[in-house]
Amino acid sequence: MVSLAPRAYRALDVGSKLLGLLLLTAALGGAAGAYAIPAALLGLVLGLLTVFIDVDD
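Each residue of the sequence shown is one higher than the one before, counting from 2 in the numbering used here.
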């Protein structure tokens, strides 16, 4: 498991969730074109990225 300081974790968490949401929106809205399925899967992975990271206290 990876461990991060609280501020670094928060920045990574917000950034990964926003990027994941952007990719999912592009895939579902048709903007990703032929890359819709890979974009949606990448968005899902990015959205769940911080689940496996511990926060240092």
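Just so you know, even glycine gets a beta-carbon here, dropped at the ideal spot from N, CA and C.
So what does DSSP say about Leu-5, is it helix, strand or coil?
Leu-5 falls in the strand class under three-state DSSP.
Please report how far the alpha carbon of Gly-30 lies from the alpha carbon of Leu-24, in whole angstroms.
Between Gly-30 and Leu-24, the C-alpha separation is close to 10 angstroms.
Smallest Cα separation from Ala-28: which of Leu-43, Leu-5, Thr-51 and Leu-49?
Checked all of Leu-43, Leu-5, Thr-51 and Leu-49; the closest Cα to Ala-28 is Leu-43.
With the cut-off set at 8 angstroms, would you say Leu-13 and Thr-51 are in Cβ contact?
Yes, Cβ-Cβ distance for Leu-13 and Thr-51 is below 8 angstroms.
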